[in-house]
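Going by my numbering, the sequence shown opens with residue 16, and the numbers climb by one from there. C-beta atoms are modelled at their ideal positions from N, C-alpha and C, and glycine is treated no differently. Take a look at the structure below.
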Amino acid sequence: MRPPLRAVAMLAATAALVAACDSGDDWSQPHPAPSAVGTLGPGFVDPSTTPAPEATITPQPGSWAGVHPPEDYRVVLLTAGSDDPTKALVTAVREWADDEHADLRTIVVGNAHDAIPSIAKAMEMNPDLIVSAGGDLIDPLALVTPNHLDEKFLVVGAELAEPTHNVTSVDWDGASFRGEGLGMSSTYDPKSFTAERCAAAVRAGVAAVLNDLTGIVVWL
């Protein structure tokens, strides 16, 4: 017996939805190299020079606002910790991804022993960018990133002591954590991780990466 037309229509609609989701979520398929949509505003960086490796730049507020990622920009958010600063950073990344229609996936690191395997898992997913939120990831990233120079990393609210050219950090007075060996900055202030500051950090950092201004610290 033939099924009712309404049931057929519902099945067809469901199949189409599943196919659409599958095609959009399959990161194993070829993906064009991402490039920035829009341009940096005046004052983001001195146009006459290229920042030296490990340099710190201090862009003018909002000079990154005109830069956006391309459609379906693939991002993995690595996060560790349940403290308020980390929660604020995670929220900022998720809101940015939603606003920009980026394809975001999240890996939550449960404990210190899981950090390096989690970073490896993130790299295996072949994202355009891996974003790190949480001080517990700084030391593991310092171990992994120099051996995977083809992977791009963005650290928000902290920085690596000696970043290689594939690691970009966004930091500010009140954050500045650089790993256990150097300890927390004397000016560390968890209240400095405001929604506005974290949102600016994500956007400024992505703008820098998309413009190949990497291996540096963006200071807000």
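Environment of residue i [buried if 16+ CB atoms lie within 10 Å]
| i | result |
| --- | --- |
| Gly-172 | buried |
| Asp-204 | exposed |
| Ser-50 | exposed |
| Ser-184 | buried |
| Thr-65 | exposed |
| Ser-133 | buried |
| Asp-151 | buried |
| Cys-36 | Because the pLDDT at Cys-36 is just 35, under 50, the model does not fix this residue reliably, and the point stays unresolved. |
| Pro-155 | buried |
Residue i - containing alpha helix (DSSP H), residue span
| i | result |
| --- | --- |
| Asp-99 | 99–115 |
| Arg-212 | 210–225 |
| Ile-153 | 153–159 |
Secondary structure of residue i, DSSP reduced to three states
| i | result |
| --- | --- |
| Ser-147 | strand |
| Ala-130 | helix |
| Ser-78 | coil |
| Val-233 | strand |
| Pro-178 | coil |
| Asp-37 | Caution is warranted here: a pLDDT of 34 is assigned to Asp-37, below 50, making its placement in the model unreliable, and the coordinate value is therefore given only provisionally. Helix. |
| Asn-141 | coil |
Residues bridged to residue i [DSSP beta-bridge criterion]
| i | result |
| --- | --- |
| Val-123 | Thr-94 |
| Val-60 | BP columns for Val-60 are empty, so no partner. |
| His-83 | Val-52 |
| Thr-71 | Val-232 |
| Asp-118 | Arg-89 |
CB of residue i within 8 Å of CB of residue j, strictly
| i | j | result |
| --- | --- | --- |
| Ala-137 | Val-108 | no |
| Thr-73 | Trp-234 | yes |
| Val-124 | Glu-174 | no |
| Val-221 | Pro-84 | yes |
| Thr-202 | Asp-188 | yes |
Opening and closing residue of the beta strand (DSSP E) in which residue i lies
| i | result |
| --- | --- |
| Asp-188 | Run containing Asp-188: none; DSSP gives neither H nor E here. |
| Leu-169 | 168–171 |
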